Amino acid sequence: MTQELKINNCPLQSRLFLGTAGYPSPDALAKSIEAASPGLLTVSLRRESKAGKGQDFWNIIKGFDLPILPNTAGCSTEAEAITTAEMAREVFGTNWIKLEVIGDDYTLQPDPYRLLSAAQELINKGFEVFPYMTDDLILANRLSDIGCNILMPWGAPIGSGRGLNNPYALKLLRQRFPNKTLVVDAGIGAPSHAAAAMEMGYDAILLNTAVSKSGNPAQMAAAFAKAIEAGRGAYLAGIIAAQENATASTPLIDKPFWHQEG
Amino acid sequence: MKITINGQSKNFDAPLNLYNILEQEEVIGMMIAVAQNGNFVPKSAYETTLINDGDTIEIVAPMQGG
Numbered sequence: 001m002t003q004e005l006k007i008n009n010c011p012l013q014s015r016l017f018l019g020t021a022g023y024p025s026p027d028a029l030a031k032s033i034e035a036a037s038p039g040l041l042t043v044s045l046r047r048e049s050k051a052g053k054g055q056d057f058w059n060i061i062k063g064f065d066l067p068i069l070p071n072t073a074g075c076s077t078e079a080e081a082i083t084t085a086e087m088a089r090e091v092f093g094t095n096w097i098k099l100e101v102i103g104d105d106y107t108l109q110p111d112p113y114r115l116l117s118a119a120q121e122l123i124n125k126g127f128e129v130f131p132y133m134t135d136d137l138i139l140a141n142r143l144s145d146i147g148c149n150i151l152m153p154w155g156a157p158i159g160s161g162r163g164l165n166n167p168y169a170l171k172l173l174r175q176r177f178p179n180k181t182l183v184v185d186a187g188i189g190a191p192s193h194a195a196a197a198m199e200m201g202y203d204a205i206l207l208n209t210a211v212s213k214s215g216n217p218a219q220m221a222a223a224f225a226k227a228i229e230a231g232r233g234a235y236l237a238g239i240i241a242a243q244e245n246a247t248a249s250t251p252l253i254d255k256p257f258w259h260q261e262g
Numbered sequence: 263m264k265i266t267i268n269g270q271s272k273n274f275d276a277p278l279n280l281y282n283i284l285e286q287e288e289v290i291g292m293m294i295a296v297a298q299n300g301n302f303v304p305k306s307a308y309e310t311t312l313i314n315d316g317d318t319i320e321i322v323a324p325m326q327g328g
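The listed protein sequences correspond, in order, to chains Y and R.
If you read the first sequence in our numbering, its first letter stands for residue 1, the second for the next number, and so on.
If you read the second sequence in our numbering, its first letter stands for residue 263, the second for the next number, and so on.
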């Protein structure tokens with residue numbers, strides 16, 4: 001009913017893309033993934049030692065057999081992001097990469113210039129780039145021009161929970177890129193934020209903190225899954241246009257006292 | 263020679279290749295990827311990649327991410 005989302009011909013079971021960071025425990029992470037039934041999971045790379053901490057984490061994730069989207073979180077230069085992407089491709093066996101090139105430490109706002117340059121090089125190297133970007137229309141045009149099939153504008157700064165800071169810009173991107181896969185990534189706080197983006201016609205929502213830092217991550221994951229499905233269904237059904245004046249919903253013809261004579 | 267591995271400086275006897283380093287770090291067989299001086303080194307090249315004094319090596323593995 002809500003039409004299946006495919007990326008590179010890979011069918012995704014849901015339009016919720018779930019991050020795996022910041023959960024209170026490995027068990028809470030696993031229960032949240034079960035509750036969300038997400039379309040994919042985002043992961044990262046960190047330094048490894050003989051203690052093998054990363055291997056323990058991977059043992060939890062691989063059991064779900066979901067598509068994996070590695071990120072380049074924490075990178076602030078093209079060189080760092082490109083090397084991280086290449087390492088991720090080998091570790092996870094996927095050419096998908098969520099490209100983060102951060103330009104400001106306080107807002108974690110992506111650097112549009114370095115993002116564009118890194119995206120170009122990664123596409124040349126055969127990656128499917130999922131760029132984490134601002135909601136800027138010109139940047140979206142440039143990323144699209146170089147071959148990005150997916151665009152991931154932020155709703156608000158990462159982890160802020162502010163929701164959709166600039167609905168106008170997000171709607172404009174949807175209007176201008178009717179056939180591109182658009183994902184709101186970051187800043188989502190409440191299921192209603194996710195539903196609002198889906199009602200605009202966004203293809204998916206990528207979120208993490210709103211679930212992992214909630215009072216009950218598994219319950220929140222389920223709530224987001226429902227909100228995203230509801231928003232998608234509403235978009236496909238066609239939401240009525242808002243208007244200034246009331247329109248009676250109950251028919252007036254033959255109501256009691258209708259056109260009484262005398 | 264002095265090599266920096268994941269930000270920590272260590273001394274090794276030369277000559278060495280990257281595979282030797284990974285053996286000594288006890289990470290062979292783990293799900294890892296490696297960069298030498300900021301450049302990715304594919305698994306197939308570990309044994310043919312020579313290590314030089316002053317090199318920086320990054321060894322990474324899966325981790326939680328958003």
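C-beta: ideal position from N, C-alpha, C; glycine also.
Since we're looking at a predicted model, the values are computed, not measured.
For residue i, does the three-state DSSP call read helix, strand or coil?
i	result
P110/Y	strand
W58/Y	helix
V91/Y	helix
I33/Y	helix
E80/Y	helix
S192/Y	helix
R46/Y	strand
N279/R	strand
D65/Y	coil
E285/R	helix
K305/R	helix
P157/Y	coil
E320/R	strand
L170/Y	helix
L182/Y	strand
K53/Y	helix
Can you confirm whether residue i, when its beta carbon is compared against all beta carbons of chain Y, has any partner nearer than 8 Å?
i	result
E309/R	no
G300/R	yes
I294/R	yes
N282/R	no
N279/R	no
K305/R	yes
N268/R	yes
Against residue i, what residues of chain R qualify as contacts under a CB-to-CB distance less than 9 Å, listed in chain order?
i	result
S32/Y	Result: empty, since nearest Cβ-Cβ is about 12 Å, beyond 9 Å.
R46/Y	V322, A323, P324, M325, Q326 and G327
Using the Cα positions of residue i and residue j, report the straight-line distance between them to the nearest angstrom.
i	j	result
I290/R	L284/R	6 Å
F302/R	E244/Y	59 Å
K180/Y	P153/Y	12 Å
A79/Y	A118/Y	8 Å
A295/R	T84/Y	9 Å
I59/Y	D111/Y	The sequence shown places Asn at residue 59/Y, not Ile. The straight-line gap from Cα to Cα measures roughly 34 Å.
I228/Y	I33/Y	15 Å
I278/R	P11/Y	In the sequence under discussion, the amino acid at residue 278/R is Leu, which differs from the Ile named in the question. Taking the straight line joining both Cα atoms gives about 45 Å.
G22/Y	S212/Y	6 Å
I82/Y	D56/Y	26 Å
T77/Y	L41/Y	24 Å
F130/Y	R114/Y	14 Å
K255/Y	T247/Y	16 Å
N299/R	Q286/R	19 Å
L66/Y	T250/Y	48 Å
K171/Y	M198/Y	11 Å
I150/Y	T310/R	37 Å
K31/Y	S37/Y	10 Å
Q120/Y	R142/Y	10 Å
So is residue i in contact with chain R if we call contact Cβ pairs under 8 Å?
i	result
S117/Y	no
V91/Y	yes
T107/Y	no
T42/Y	yes
W58/Y	yes
N124/Y	no
T20/Y	yes
G233/Y	no
G270/Y	Not covered by the structure: residue 270/Y. The range shown for chain Y is 1 to 262.
T209/Y	yes
Residues of chain Y with a CB under 8 Å from the CB of residue i: which are they?
i	result
E285/R	Correct list: empty, because the minimum Cβ distance to chain Y is about 11 Å.
Just the chain Y side, please: which residues come within less than 9 Å of residue i by C-beta, in chain order?
i	result
K272/R	Result: empty, since nearest Cβ-Cβ is about 12 Å, beyond 9 Å.
So with CB distances below 7 Å, who are the chain Y contacts of residue i?
i	result
A297/R	T83 and M87
Could you work out which residues of chain R lie near residue i, taking near to mean beta carbons separated by less than 8 Å?
i	result
Q55/Y	M292, M293, A323 and P324
A73/Y	G327 and G328
N265/Y	Residue 265/Y is absent from the model: chain Y starts at 1 and stops at 262.
A79/Y	G300
Let me see if you follow: with CB-CB separation under 8 Å, is residue i close to chain C or not?
i	result
A242/Y	No chain C is part of this structure, whose protein chains are labelled Y and R.
Find the residues of chain R that neighbour residue i, judging by a C-beta separation of less than 7 Å, and give them in chain order.
i	result
K50/Y	E287, E288 and V289
A35/Y	Per Cβ cutoff of 7 Å: no residues; A35/Y is ~17 Å from chain R at best.
Practice task
With a floor of 3 residues, list each beta strand (DSSP E) that falls wholly inside the stretch 202-242 of chain Y, ordered by position along the chain.
Solution key: Segments of the beta strand (DSSP E) lying fully in the stretch 202-242 of chain Y: 204-207.
Exercise for the section: Report the residue ranges of all alpha helix (DSSP H) runs contained in full by the stretch 96-141 of chain Y; include only those spanning at least 4 residues, in chain order. Expected result: Runs of the alpha helix (DSSP H) lying entirely within the stretch 96-141 of chain Y, each at least 4 residues long, are 112-124 in chain order.
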